[in-house]
Amino acid sequence: MAYFRDQMWSILFASLLTVLLMWIVYIVMGMVHKLVITPLRIKRIMNRQGVKGPSAYWVLGNILEMVKINRAEAEKDMKTGDYDIMSHVQPYEAQNCQAYGTMHMWWFGWQATIRIASLDLIKQVLAKDVFTTPQIQFQFLSELLGKGLITTEGEEWALHRQIVNPAFHQEKLKAMVPIMEKCASSMANEWEEKVKHGGGCVELEVSHYMANVTADIIAHTAFGSSYEKGRKVFEHQLSLFNLTFQRFKFLTIPGYRSLKEIIQARKYVVNMTKNASNGNDLLGLMLTATSQKTQDVKGGKVHFGMQQLMDNCKTFFFAGYETTATLLTWTMMLLASHTTWQECARAEVIDVCGDGDHPFNADMLDKLKMLTMILNEALRLFPPVVDQTKEVVMDVKLGDLDIPKGSTLYFPRLSIHHDPELWGTDVHEFKPERFVNGVAKATKHPLAFMPFSFGPRFCVGQRFAMEEAKSILVVILRRFRFQLSSNYRHAPCFRGTLKPKYGVSVMLESL
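Encoded structure:
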């Protein structure tokens, strides 16, 4: 009996050992394939087609060299008025372009990154569905934002887009302009007090105020009467974003409970009052769309519930707050540097919208052609999002190029916006008049200007961002005159978005 028991234990031990060894072999083979076989295959395929790049360390790739070069350049300031920022903001990429051409590759760890500068190829990529968000970027955004519009793919993304779209319909956005004006006027009132106490002229660092006013607007338009609570949630999440971006650690998102309470309270009020409307803010419009749409997919239904609502609210905040605040900060710098354009924009604003505190509306904003030109030129020179990446999930052909599975395609938006072959020899100058006949005729290729991306996944909040930026600038231009302070230090840098490293200081006076 003891003999059979010992034999059973021996067989069991041998079986467990075999399973363990098989698991170890499986893991090792997976790592070998990921760290050795796939990178070698990608390198061989791309080199054969003439696409090369700097030599790289195994596993680490070009990260150390990239960090060293970018950090060294970031310590320097640029000459005020110099808008040729590519070699300053992305010096490693600029250096590789000179050495290997506009199409080359480098390694982010073991991940091959292929720089695609051809607009026709970029158009093919953004119009197709065989490319996804790179895994590292996807993980970062998912931990921060959950599963919202930015961090979903395929049919799940399609459902999110269906639910979100009504919130950004032109007629819905028109109703939000008075809210934008109110928030901007509150900021302007604070500025008036500072000017008054400063003897008629005061030095002001505007990036801080642009961040605050855009946060106020997105909180008001997202949550309506629950604005204060929503703003606190967003402030917590903004602190987390800054910490996460600096340290690249994935932490638990704060504010979940408060965000959930806001949504539950809205549902409760609607049910108790038997009100058919969920409200006209972004949350209410999403709640209405959620109740009207379902999505059947293979294997069942795509779920869109409380968690997805919260995740999309967070997505709205980061997308609507960060990028618009950055756009406004750079626009203020450009108008403070080019006061003739500032005066022209002010004359247009007063002519169309009236002076002082005269209320304005969305129809008036649509008539501000010169202000639109100025904003477009600011977006061209200083696009908040400087690049875009897509991961290749299967071998694919782009034009004459064979692109292997497992590589990442990199689209240099900043470089494209500063390409003299697309924009002319004055590409690094502030010339809003290039947009006088619209975006399509401002350049030699329809995709040369794409601050809001392109294709099915273009930014759904594009019109919201432009309405918001115009509303804030209308309020400022009607009440203040400003010029660049001698204390301004010109140092564009990339910190999640393209920002002025030391902010933007202007000398402000009331009209």
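With full-length UniProt numbering, the residue at position 506 of the sequence shown is 506, and numbering never jumps.
Positions of the beta carbon are idealized from the N, C-alpha and C atoms, including for glycine.
Taking 8 Å as the cut-off, the Cβ atoms of cysteine 183 and isoleucine 150 do not count as close. The shortest CA-to-CA distance from valine 460 to any of Leu16, Ile11, Gly148, Trp58 is the one to Gly148. Counting only residues of its own chain and dropping the five nearest sequence neighbours on each side, cysteine 353 has a CB closer than 6 Å to the CB of Phe360, Met364, Val474.
In the pairwise beta carbon analysis, the segment 367–374 is classified as not touching the segment 172–186: fewer than three pairs are separated by under 8 Å. Residue environment for threonine 133: buried (at least 16 other C-beta atoms within 10 angstroms of its C-beta).
Counting only runs of at least 3 residues, the segment 379–435 fully encloses the following beta strand (DSSP E) elements, listed from N- to C-terminal order: 388–392, 396–398, 401–403, 408–411.
Counting along the chain, the unbroken alpha helix (DSSP H) around phenylalanine 464 starts and ends at 462–479. With a cut-off of 8 Å on Cβ pairs, the segment 201–215 is not in contact with the segment 375–383, counting fewer than three such pairs. By the criterion of a C-beta distance shorter than 6 Å, tryptophan 107 is surrounded in its chain by Ala56, Gly61, Asn62, once the five residues flanking it on both sides are discounted. Going by beta carbons, proline 54 and asparagine 70 fall outside the 8 Å limit.
By the neighbour-count criterion, in which 16 or more other beta carbons inside 10 Å mark a residue as buried, proline 446 falls on the exposed side.
Only residues of its own chain outside the window of five on either side were considered, and among them His418, Asp419, Pro420 have a CB closer than 8 Å to the CB of valine 427, listed in chain order. Of Trp58, Ile45, Lys441, Gln308, the smallest CA-CA separation from aspartate 400 is found for Ile45. Taking 8 Å as the cut-off, the beta carbon of valine 504 is found no closer than this to the beta carbon of methionine 373. Judged by DSSP secondary structure, leucine 119 falls outside any beta strand (DSSP E) and instead within the alpha helix (DSSP H) spanning 119–127. Sequence-distant Cβ neighbours of glutamate 153 in its own chain, meaning closer than 8 Å and more than five residues away, are Thr132, Thr133. Close CB contacts of threonine 102 within its chain, under the 6 Å cut and outside five residues either way in sequence, are with Ala117 (chain order). Distances from the CA of glycine 406 to each of Ile114, Lys314, Gln98, Phe168 were compared; the closest alpha carbon is that of Ile114. When the Cα atoms are used, phenylalanine 318 and tyrosine 100 turn out to be separated by approximately 36 Å. Separation of aspartate 82 and tryptophan 423 (C-alpha to C-alpha, rounded to the nearest whole angstrom) is 17 Å.
Shown here for alanine 94: same chain residues with a beta carbon closer than 6 Å to its own, the five before and five after excluded, namely Met86, Ser87 in chain order. Contact between valine 89 and valine 386 is confirmed by a C-beta separation of about 7 Å, below the 8 Å threshold.
Spanning the alpha carbons of histidine 490 and aspartate 84 requires a straight line of approximately 12 Å. According to DSSP, phenylalanine 494 shares a beta bridge with Leu498.
In this structure, the alpha-carbon of lysine 499 lies about 6 Å from that of threonine 326.
Note that the C-beta distance between glutamine 170 and arginine 463 is below 8 Å.
In this structure glycine 320 is buried. Its beta-carbon is surrounded by 16 or more other beta-carbon atoms within 10 angstroms. Per DSSP, reduced to three states, the secondary structure at alanine 336 is helical.
Between leucine 409 and lysine 390, the gap from beta carbon to beta carbon is short of 8 Å.
Here valine 436 has Met373 as same chain residues with Cβ atoms under 7 Å from its own Cβ, once five neighbours each way along the sequence are excluded. In this chain, the alpha helix (DSSP H) harbouring methionine 46 covers 38–48.
Residue state for alanine 175 is assigned as coil, using DSSP reduced to three classes.
Counted as a single uninterrupted DSSP element, the stretch harbouring alanine 448 is not any beta strand (DSSP E), since DSSP gives it neither H nor E. When beta bridges are read from the DSSP output, valine 202 appears opposite Leu508. Shown here for threonine 315: same chain residues with a beta carbon closer than 7 Å to its own, the five before and five after excluded, namely Leu145, Gly148, Leu149, Ile150 in chain order. Taking a C-beta distance under 8 Å as the contact criterion, methionine 507 and phenylalanine 480 do not qualify as a contact pair.
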